[in-house]
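In the working numbering, the protein residues as written are 132 to 464.
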């Protein structure tokens, strides 16, 4: 069993007693368990492209969606800060934990297949641009070693805003190496995301950045950003949900967006629909990483989400199970 003195961060993987794999969400958790969701479980029959210790695995969550996550994770716990029940796993069910940074070092020391060799290539290139690989790790199916070299992508995670800023700058400035989606691949991606979020394809494409996902030497990669501060959800102030609201806003942008959930302060706003706010709306917080570039860079936005208030201030929560909402670039709303 994993002890509660360990620093478990966003995108760590946990193996459970039933050999399912649990993905950790965020850096703040509880004394009795970890916030996140079950992503892979042993397949009852048939074959699969994922396997662990000879056991074929079924991918339960096909993409990150609050309703799907709630469906496949049986344990829920009420979190006052979100005024909602979030999926979690009790600590006593965890048998192993997988650290993304340690796993990347393990792959670099001793790659076991072609995909892991490609991980070395992309991480070596990135490391040369940002002055080393401290606080950079590998996540996704590569992390617990259940990947398939023929089908799996390379999923990286970067901890800490200083390293995050370095990675954003390095990848943005080296588009000849970290190639952005173009043509049919960009069209396919934007169409899929549009159908899932309700945004138009143009709005989705305006949210695309190669520092979030792209292609390196023919292999698709993704980069997730997270803070490096471990904490407890139980010490955060509680909020109360007022209802669903829609606003136009000017976002300040900044490094708080390079964390999970992603966040940006709201400089100015106008309520255009839904619930009116009893206090100033100070910031927007999103469980959907699609909106990270807009929250990081700032600017005009059209936001729909849960209006939550506490002690004289309000926030808008996007990506919750009660209301998915969205954050669209302001000039396309």
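We put the beta carbon where it would ideally sit given N, CA and C, even for glycine.
- Counting only the Cα atoms, residue 444 lies some 52 Å from residue 178.
- Between residue 147 and residue 155, the CB-CB gap reaches or exceeds 8 Å.
- Excluding sequence positions up to five before and after residue 386, its CB lies within less than 6 Å of the CB of 292, all in the same chain and listed in chain order.
- Burial state of residue 143 is buried, judged by a 10 Å Cβ sphere holding 16 or more other Cβ atoms.
- Residue pairing from DSSP places residue 290 in a beta bridge opposite 357.
- Inclusion of residue 437 and residue 419 in the CB contact set at 8 Å is not warranted, their separation being larger than that value.
- Note on geometry: alpha-carbon atoms of residue 200 and residue 303 lie some 31 Å from one another.
- A distance below 6 Å between beta-carbons, with the five flanking residues on each side excluded, links residue 398 to the following residues of its chain, in chain order: 381 and 383.
- Residue 248: member of the alpha helix (DSSP H) spanning 245-261, first to last residue.
- Contact fails between the region 308-327 and the region 276-290, because fewer than three Cβ pairs, one in each stretch, are under 8 Å apart.
- By the neighbour-count definition (other C-beta atoms within 10 Å, threshold 16), residue 165 is a buried residue.
- Shown here, residue 319 sits in a helix according to DSSP, grouped into three states.
- Residue 294 is positioned such that its CB atom lies closer than 8 Å to that of residue 267.
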